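Trainee: Going down the list, the protein sequences come from chains A and B. So the mapping is simple: the numbering used here equals the position in the first sequence, first residue as 1, plus 827. So the mapping is simple: the numbering used here equals the position in the second sequence, first residue as 1, plus 53. Dropping a structure here in structure tokens format, bear with me for questions.
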Amino acid sequence: MTFKRSLMDNYRNRLWIVALVILTAVLQFVFIPAVHMGGARIHMMDMEMDILSDPLPVLLQNAGGAWLQASAFTGMLFTCAIAAIMGIQGFSYLYQTRSVDFYDSQPIAFSRRFFINYISSVILYAVVYGIGTLLAVLVTVALGMGSPAVFMGLAGEYIWLVILFIGMYSISVLAAVLSGNLFIAALMDAFLCGIEFLYRLINFGCMNGWFTTMYSLSDEKFLTPVSLPMSWYIMRFAVGIMRISNPWGTRTAEVVSVLSGSLPAMAICLAIGAAATALAYNAFLFRKREMVQKGLCFGFVESFVKFALGISGGVLAGMAGDSIFGSMFGFSPLTVIVMAVTVVLICVIGEWILSLDITKLLRRAWQIPACLVVSGIILFVFKTDAFGYDRYIPKASEVESCAFYPTNSFSFTMISGDESIEWGGNRDSYFAKYMQLSNIEDVEALAKLGMEKQRLDQIGEMDADSDNAYYEYDWQAIVLYRMKNGAEVYRRIALPYDVDRTLMDAVLGSKEYREAYFNPKGVYEVTASVMNTYPKIQINTMYSNRATSQSGIMDIDTLKEFTDAYEKDLSAYDFSMTQDEICIGTLDISIASRSNTYDFSMGMNQTLPIYENYTDVIKVLREHNMYCELLPPKEDVVKVISEYTQWDEYGDESQSVTGSYTDKSRIDQIMDELEFNMYGEWSKDNYNDEYFYITVLTEADVAYTGDSDDPSDYTNKNCGVNLPMLVNNAPGFLKEDMGYTPMKSE
Amino acid sequence: MIDITDVYKTYEGSPAVSNLSLHMKGGEVFGLLGTNGAGKTTLLRMIAGIIKADSGSITIDGLPVYDNPVVKEKFFFIPDELYFLPHSRGRDMARHYAGIYPDFSTEEFNTMMERFGLDPARRINSFSKGMKKQLAVVLGLSSHTRYLLCDETFDGLDPVMRQATKSLIAVAMEERSLTTVMTSHNLRELEDVCDHVGLLHKGGVLLSKDIEDLKIGVQKLQVVYADEDDSYNAEERMSILDHKRQGRLHVYVARQTPDELDEIFDDIDTVLYEILPLTLEEIFISETEVVGYDIQKIING
């Protein structure tokens, strides 16, 4: 029988599959783009008048890329679904004796039979979705939204979908030939697709639960299975397309960048598909044809599945049990019981499903204690940190560079279109790309100190009688080691407030740190680049201090002036400066449309702290009316109001006292102790600190009769400046007048 | 020829076929007889290259069968549970097989379909069970293979169709030396068509003989002696497989040729001496009773 005839016979025998593929292609390439692009077309017409200078036709062409956002994910869903269906259905003849007899008695080699069944689905999908892609091109052109970028994106998406199909389909075929019936095949497919995720979930759970210095970049990267082609499609293509398909439209260079950047991922997907196909082929050849309606066709596969699920269940049950019944040291007997019950249930139910015979529940009963033992060993290794995860410091000679940043970083630049930064801005991606510290020994010294504190804090949490039970506040920071072998190692550390200043200055004061962390040069360059392309957008600013805030608009030349000044003042920055100098305000810089209708903050957004000693920066801000004075001059202040709320031990308000002062000397004394310092990454939290809340009023403030009688109501214009004062720093008369009584320390 | 040598096959640890050896000559009809679970279908599926023996060998014309398209072109397998392509018609199946078997004759297919009163354009899923079997036989014969493997194929056919099918097989045997291997649990079914019969029981061969050899070698004899004492003389000289007595009437089943029996009774005075034809069932019962098996149960289930 010729190859063509074999294919036609194959399709004739599974017409419903052909219909299903065509249906999904019509939805994906005709219906969805028509609906989505129709909406985008209207959207672009509105935008054109508002923010962009491109002529409408060009704008519409660029905006055609908007539909790629939706199509990337719907295409993936359709593709994965039909890959699973076609993979299992294509080899479902193995599940009935009569069909096995029919096909296997014919003079067709098993290898050819496998090849025909396998390739027929791939060809069907590639042809139908190829035609669909051409239809999508026609739809795009008909709506006037075609462009080289869009066509390239469509072509790239087609190639990606075919590769995704091959990968997922091959896994389904493997599941099909390993199984004896349809039900088991479906379960096996789910197992093959999900087993790595399950392993990662358990690994993540154990590490997160017991390794105190563990830091996961983002759960999705930690949990993303690398053996699943769908993961690669999402991470290397779909996310990229979503990132570049924004209201600005899609540019050819960016599409090329996404596609070329995903070539390695395509190769990996193809390799996964090839490996799964090779395994499936061999399983098909060696499979016993009398295994019809059995569970899995190979005993060792059955054992593997049972072990994988039994051990996973045991570990998960152990984690849950330990969180409820456990202590710092050892495992509670109740935890062991929970694990044992879970393992028994999984093994017994698994055996029942595989054999479909209730009398065989205890077949291979030895696997139950084996799973339990292995689960216990795994839990023991994690709980005791047997391999020293929380004590790991790599050899400096093996480290290429480091990054170091606090977990509450306020200042990092979000730059849209930067492939390393996920949509919405991501601190870890930013520092991973832009911060390369070469003073590795300094970073490691900090890390060692921080890891030890982190570990002791955990002991203190678990054991109230230990010396570490009293928790000392600290700064949480992340250390990244970029190893010379390409690996990236992250650790979370806790730095005590009394950390060695010299050590911290060595890290925070380095040029590499300052330039990466605050990135004033980058702020200007990115903004200039964006404005060059879209001149109708504007630079928004927001200056904030402890008392007030002020928004404004900056032009590109002013931004240059500002960032140059900032870079100059930044040379004084180090850890000691953050502790000794006062941060008097922050400047938030972002770009947006002129009507502020469309949010372009993803294009560039940065918040930069302004310290008291940043003289050049403050000068620039004053010259361009972007600076807000913190307080009116003392001579203008005629009244000060103090408010103090005391809380009882239950957290309820026990008393609230208000007092006002018009005496000049008392006003001056109060104003001298006001707290100006903006909260920053290296500010010290002390929840025991108490504050008086002070309102400073000028004559105009006092005379103002706004909407509210309450002069401290911040919604009233000119109702004074509100600032806190540490009670400990307050003048004695104020403490007395407020009825302050110190809280008993624990 | 089909050679089966020391074949062993287990299912989940239980032997289905146990050290079985058979030799099937070309150009004859070989019947495999046995109850359910005897191993008939398993053996036939191994011959058809569907399942692989755990040990031993099965060759057709000297070549191994399993996963060997060259050998599989030589036979057509009609299983007990038939399968046709989904939503297909008779002509679709003919087209399918025409693409697989190089000697498939569409003309012969159409002729036989007409003879059986089957419409090639009608959907097979509207056929009765018997019609489907007929169709399977037609497709098998139209494939013009050298061997035809039939698993309980006649069991669904009415007597007329059964006879018609047997006639077609006989014609094919004569025209192109078709070798047929058929299984059944009904000995009467095989009696008038098989040249050689193999009896399987619990995965092994209980008996395998040419029918003619069986019939020649065993005779049924009715005797009434003039003098009852002469019976001892005669019985001493006969090789008796079975002896029943009703009054003075002795009925013997003896492993002797007619000439040998004539010689024994030549000098014995008898009132009645008659050699009767034996049915295959009677031969089998006699042969296996000697071995110690209750053949009635095996044959009749």
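Backbone N, C-alpha and C define an ideal beta-carbon position, used for all residues, glycine too. Since the model is a prediction, treat every value here as computed from it, not as a measurement.
(1) So the candidates are G1122/A, P1558/A, P1091/A, Y920/A; which of them puts its Cα closest to the Cα of F1010/A?
(2) My output table needs one value for F858/A: the three-state DSSP class, helix, strand or coil.
(3) Is any beta-carbon of chain A found at less than 8 Å from that of D120/B?
(4) Quick check: does the Cβ of I338/B come within less than 7 Å of any heavy atom belonging to the ligand SAH?
(5) Which runs of the alpha helix (DSSP H) spanning at least 4 residues fall entirely within the segment 147 to 197 of chain B, listed in chain order?
(6) Across which residues does DSSP place K1121/A in a beta bridge pair?
(7) Just to check my reading of the structure: S237/B and D208/B have Cβ atoms closer than 8 Å, yes? What is that Cβ distance to the nearest angstrom?
(8) Just the C-alpha distance for V1004/A and Y945/A, rounded to the nearest angstrom, thanks.
(9) Excluding sequence positions up to five away, which residues of its chain have a Cβ less than 6 Å from the Cβ of R144/B?
(10) Quick check: the segment 1228 to 1236 of chain A against the segment 1256 to 1274 of chain A, are at least 3 beta-carbon pairs closer than 8 Å?
(11) Span of the alpha helix (DSSP H) holding L921/A?
(12) If you measure between the beta carbons of V1270/A and V1334/A, is that distance less than 8 Å?
(13) Helix, strand or coil for M1331/A? Go by DSSP, reduced to three states.
(14) Assuming L970/A and G865/A make a contact with CB atoms under 8 Å, what is their CB distance in whole Å?
(15) Give the straight-line distance between the Cα atoms of R142/B and A1197/A, rounded to the nearest whole angstrom.
(16) What does DSSP give as the partner residue(s) for H254/B in the beta ladder?
(17) Taking V1529/A and V1467/A to be in contact with their CB atoms under 8 Å, please state how far apart those CB atoms are, rounded to whole angstroms.
(18) Looking at C-beta atoms only, is the number of pairs between the segment 1481 to 1501 of chain A and the segment 1559 to 1567 of chain A that lie closer than 8 Å three or more?
(19) For G354/B, would you say it is in contact with chain A, using Cβ-to-Cβ distances shorter than 8 Å as the test?
(20) Below 6 Å CB to CB, which residues in the same chain sit around E1394/A once its five sequence neighbours on both sides are set aside?
(21) Leaving out the 5 sequence neighbours to the left and right, which residues in its chain are closer than 7 Å to I1099/A when beta-carbon positions are compared?
(22) Is the separation between the beta-carbon of E244/B and that of L302/B shorter than 8 Å?
(23) Given a cut-off of 8 Å on the beta-carbon distance, is the pair V246/B and A279/B in contact?
(24) For K78/B and M226/B, what's the separation of their Cα atoms in angstroms?
(25) Applying a beta-carbon distance threshold of less than 9 Å, which residues of chain B neighbour I935/A?
(26) How would you label F1214/A, buried or exposed, when you count the other beta carbons within 10 angstroms and need 16 or more for buried?
(27) Please confirm if N89/B has its CB atom under 8 Å from at least one CB of chain A.
(28) Determine which residues of the segment 926 to 950 of chain A have a Cβ less than 9 Å from any Cβ of chain B, and write them out in chain order.
(29) Just to confirm the assignment, what range does the alpha helix (DSSP H) spanning V246/B have?
(30) Is it buried or exposed for A1296/A, if we count other Cβ within 10 angstroms and need 16 for buried?
(31) Would you mind stating whether S1206/A and V1119/A have Cβ atoms separated by less than 8 Å?
(32) Is L116/B buried or exposed, if buried means 16 or more other CB atoms sit within 10 Å of its CB?
(33) If I follow the unbroken beta strand (DSSP E) through K1466/A, where does it start and stop?
(34) Residues in the same chain with beta-carbon distance under 6 Å from V70/B, minus the five sequence neighbours each way, listed in chain order, please.
(35) Just the C-alpha distance for S1139/A and R1328/A, rounded to the nearest angstrom, thanks.
(36) Beta-carbon of K1187/A versus every beta-carbon of chain B: anything under 8 Å?
Mentor: In this structure, then:
(1) G1122/A
(2) helix
(3) yes
(4) No copy of the ligand SAH appears in this structure; indeed no ligand is present at all.
(5) 159 to 169, 182 to 195
(6) For K1121/A, which the question treats as bridged, DSSP gives no partner whatsoever.
(7) 7 Å
(8) 11 Å
(9) P173
(10) yes
(11) Element bounds for L921/A: n/a, residue is neither H nor E.
(12) yes
(13) helix
(14) 7 Å
(15) 55 Å
(16) G257/B
(17) That pair is no contact at about 11 Å.
(18) yes
(19) Unreliable positioning characterises G354/B in this predicted model, as indicated by a pLDDT of 49, which lies under 50. The coordinate reading is nonetheless provided below. Chain A contact via Cβ: absent.
(20) P1347
(21) G994, S1054, P1056
(22) no
(23) no
(24) 13 Å
(25) P122, K125, I153
(26) exposed
(27) no
(28) S926, V927, D928, F929, Y930, D931, S932, Q933, P934, I935, A936, F937, S938, R939
(29) Where V246/B is concerned, there is no enclosing alpha helix (DSSP H), given that its DSSP letter is neither H nor E.
(30) Here A1296/A scores only 49 on pLDDT, less than 50, and its place in the model is too uncertain to base an answer on.
(31) It should be noted that the sequence gives Leu, not Ser, for residue 1206/A. No.
(32) exposed
(33) 1464 to 1474
(34) V60, K62, G92, T95, L96, G256
(35) 46 Å
(36) no
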